[in-house]
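K.L.:
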Amino acid sequence: TPYVALDGDFGIGQMLGLGTSMSSVRAGDISSFTLPTTGTGREAGGQSVVYVDWDELEEVRERFKTDDLADYQPDPY
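Just so you know, we're using the UniProt record's numbering here: the sequence shown kicks off at 1 and counts up by one.
#1: Please give me, in chain order, every unbroken run of the alpha helix (DSSP H) with length at least 4 that falls completely inside the segment 45-69.
#2: Three or more C-beta pairs closer than 8 angstroms, one from the segment 1-9 and one from the segment 17-29: is that the case here?
#3: So, with DSSP's three-state summary, where would you put Thr34?
#4: Rounded to whole angstroms, what's the CA-CA distance from Lys65 to Glu59? Just pull it up for me.
#5: Excluding five sequence neighbours on each side, which residues of the same chain lie with their C-beta closer than 6 angstroms to the C-beta of Tyr72?
Here it is, written out as structure tokens:
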């Protein structure tokens, strides 16, 4: 699909190694947040949509590049 990409060399061995390396990770070790948005609305045909906050998403991208997400707090819309 256009939404997921894998390295051509990523196979079952790498997958098992990754899983093994994460065996000590617990639920409390994981943080998550949703994509920054500017709100919700309706589009043609009555479809419910969530609008991406592209400016805030750029900050998220930069923080991923520098591994600096620990203190990231998205602004509520």
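Ideal Cβ positions, reconstructed from N, Cα and C, are used throughout, including at glycine. It should be emphasised that the depicted structure is a prediction, and the values quoted were computed from it without experimental measurement.
P.N.:
In brief:
#1: 54-65
#2: no
#3: Here residue 34 corresponds to residue number 34 of the sequence shown, with the count starting at 1. Of the three classes helix, strand and coil, the one that applies to Thr34 here is coil, per DSSP.
#4: Numbered from its first residue, the sequence shown carries residue 65 at position 65. Numbered from its first residue, the sequence shown carries residue 59 at position 59. Distance between the alpha carbons of Lys65 and Glu59 is about 10 angstroms.
#5: Reading the sequence shown from its first residue, position 72 is the one you call residue 72. Cβ within range, chain order: Arg63.
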